[in-house]
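Residues are numbered in the numbering used here as their position in the sequence shown, beginning at 1, plus a constant of 2.
Built from N, CA and C at the ideal position, the CB exists for glycine as well.
These notes are about the structure you will find just below.
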Amino acid sequence: NCVGMRDITKIRFFMRILYSIFLIAIGLTGYVSDSADAEPAYKHELEEAPPDGPSIQQLQSFQQDAATAKARGVPILVLFCSFWCEHCDVLEQQVLKPMMLNAKYRERILLKKLEVDSDSTITGFDGMQYRSDEIGEMYNVELYPTMVFFDANGREGSQRIVGMNLVVEHVVEKLDKAIDKAVQAVN
């Protein structure tokens with residue numbers, strides 16, 4: 003028998019579900035260790051941003067942020083995350099917050115955070131009101147953390163960064179390249 007397009011679509015859907023479960027399982031357990039009680043290694047290797055450091059502002063209005071980004075000539079970087087996502091917290095505390103202490107980054111991007119499982123209402127680029135989970139669906143965000151760069155018109159300006167490599171230097175390097183590309187797309 004020949005496999006039809008409908009069967010291929012079902013297989014792809016099933017594979018995406020399996021892949022998502024795999025990524026979630028890795029995210030919940032960190033790296034495999036000898037002891038079930040051991041914490042993931044990255045917790046001990048990374049330094050956290052000072053508690054009085056800058057916080058990442060919650061996304062409330064794409065429309066307002068687009069006006070700000072346009073006036074400043076910078077892209078908007080949105081961290082799509084979830085309250086249960088340990089990797090999201092590591093990314094925020096170990097990469098994004100320390101990064102925003104550096105004027106080089108503060109002047110080049112407008113950084114916002116969107117917890118997709120919160121009860122917040124967000125104003126879209128179109129001025130309409132959406133629940134935070136609807137925004138995640140609208141931009142096809144399926145895994146956390148996901149960083150998406152937008153220009154002032156709501157178009158993606160650089161490649162998304164999905165997931166969190168446990169080597170912070172790799173994340174920073176990838177983020178630097180994506181920021182450069184997003185800034186070039188805006189200008």
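- For a cut-off of 8 Å, the C-beta gap from F151 to A105 is around 19 Å, too long to register as a contact.
- Remark: C-beta atoms of V174 and M166 do not approach each other more closely than 8 Å.
- Distances from the alpha-carbon of F85 to those of G159, K115, D153 and I137 put K115 closest.
- Judged by DSSP in its simplified three-state form, I124 adopts strand.
- Taking each of T125, N155 and I163 in turn and checking the Cα distance to N142, the smallest one comes out for I163.
- Spanning the alpha carbons of D135 and N189 requires a straight line of approximately 31 Å.
- In this structure, L112 sits away from I137, with a CB-CB distance that is not shorter than 8 Å.
- Look at M140 here: in three-state DSSP terms it is helix.
- The segment 114–133 makes contact with the segment 58–68: 3 or more CB pairs, one atom from each, lie closer than 8 Å.
- Just so you know, the alpha carbons of V169 and A180 end up roughly 17 Å apart.
- Comparing alpha-carbon positions, the option among A187, S57 and S160 lying closest to R108 turns out to be S57.
- For the 8 Å CB-CB criterion, E94 and L81 form a contact.
- In the DSSP annotation of this structure, E117 is not part of any alpha helix (DSSP H); the continuous beta strand (DSSP E) holding it starts and ends at L112 to E117.
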